[in-house]
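Sequence order for the protein chains is R and V.
First residue of the first sequence? That's 92 in the working numbering, and the numbers climb one at a time after it.
First residue of the second sequence? That's 100 in the working numbering, and the numbers climb one at a time after it.
Some notes on the structure that comes next.
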Amino acid sequence: AQSVAQPEDQVNVAEGNPLTVKCTYSVSGNPYLFWYVQYPNRGLQFLLKYITGDNLVKGSYGFEAEFNKSQTSFHLKKPSALVSDSALYFCAVRGFAGTYKYIFGTGTRLKVLA
Amino acid sequence: DAGITQSPRYKITETGRQVTLMCHQTWSHSYMFWYRQDLGHGLRLIYYSAAADITDKGEVSDGYVVSRSKTENFPLTLESATRSQTSVYFCASSDSGGGTDTQYFGPGTRLTVL
C-alpha cells in the first residue's frame, strides 16, 4: 500500500534562511510525487511534481524539491524563506499501478518569522 | 475563467439529514476528485471520477454518494449526515488524471453536522 509521511507538524524558520519541509513515501513501482501549498481558507495550490528525470525539481515561487530514491524522500526546499511562504504544505504520492488514488501527507505548517 | 467552484462554501446541518455539496469546473477536465480535510489526517480521497458516468471509491467512501452525469459537475451527497462527517471538503479536477497531471482544487466547503 502506498503512503506518505510528513514527520514535522510545524517548521519554523527565520526570514532569509533556507527552509526544508520533509516528506518520505512508500509506493510500489516508480512514484509520482507532488507538493501542494494551502493558504488560510483556500484550496490547495500546486507547487511542483516529480515524474521522472532530474532528481532536483524546480517549481513555483522559488521552491524546489529533491527526489532521493534510496531514502524514499522528496523534501521541499527553498534557499531563502519569505514571510509570505508561511502556509500549510502537503506532500502527495501516486503509484504508477493504474490507479488515480493520490495519497496526501498530513501536512506541515511552515512559519517564517520576520 | 471561473476554474473550479464549490457551493455552498459553508453549511450547517443536523444528524440524519441528506446534504449535497456541489462542484463545477469550466475546463472540461476528464478527472474529478472529492477529498475531506481533517486535522491530523491531511486530505483523504472520498471518490474520484475518470469521466462522465465513471466513478470509483477512495479510501473513505462510506456514507457518501457521487454522480457525474455531465463532465463539468461532480456533486457529493451525504445520504444521512453524521457528526463524524464534519469536515472541510475539497473538490479537484485534472485534465487527464494520470499521475503526471496536476490537480486543481476548489476553495472548499466547510460542513458542520450537529
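We treat Cβ as the ideally placed atom computed from N, Cα and C, and that holds for glycine.
Here the structure is a predicted model, which is why all the values come from computation and not from measurement.
Check: How is the beta strand (DSSP E) around Asp137(V) delimited, first residue to last?
Finding: Unbroken beta strand (DSSP E) run through Asp137(V): Tyr130 to Asp137.
Margin query: Using only the alpha-carbon positions, how far apart do Ser179(V) and Tyr109(V) sit?
Written below: Cα to Cα, the separation comes out at about 18 Å.
Notebook entry, point to check: Helix, strand or coil for Val174(R) per DSSP?
Noted result: Val174(R) falls in the helix class under three-state DSSP.
Next item on the list: Could you check the C-alpha separation between Ala151(V) and Thr115(R) for me, to the nearest Å?
Entry: Rounded to the nearest angstrom, the two C-alpha atoms are 34 Å apart.
Next item on the list: Just the chain V side, please: which residues come within less than 8 Å of Thr197(R) by C-beta, in chain order?
Entry: Those within 8 Å of Thr197(R) in chain V are Gly139, His140 and Gly141.
Notebook entry, point to check: Is the CB of Tyr188(V) under 8 Å away from at least one CB in chain R?
Noted result: No, because no Cβ of chain R sits closer than 8 Å to the Cβ of Tyr188(V).
Notebook entry, point to check: Cβ of Leu135(R) less than 8 Å from any chain V Cβ?
Noted result: Interface residue, yes.
Notebook entry, point to check: From Thr104(V) to Gly205(V), what does the alpha carbon distance come to, in whole angstroms?
Noted result: It is roughly 5 Å from the alpha-carbon of Thr104(V) to the alpha-carbon of Gly205(V).
Margin query: Please tell me whether Leu139(R) and Trp126(R) are closer than 8 Å, where the distance is taken between their beta carbons.
Written below: Yes; because the gap between Cβ atoms is below 8 Å, this pair is in contact.
Margin query: Cβ closer than 7 Å: which chain R residues qualify as neighbours of Phe58(V)?
Written below: A question about residue 58(V) goes unanswered here, because the residues of chain V that appear run from 100 up to 213.
Check: If we cut at 8 Å on Cβ distances, does Leu219(V) have a partner in chain R?
Finding: The requested residue 219(V) is not part of the displayed model; chain V covers only 100 to 213.
Next item on the list: Quick one: give me the first and last residue of the beta strand (DSSP E) that Lys113(R) is part of.
Entry: Per DSSP, Lys113(R) belongs to no beta strand (DSSP E) and is neither H nor E.
Note to self: DSSP three-state label for Ser151(R), please.
What the structure shows: Here Ser151(R) sits in helix by DSSP.
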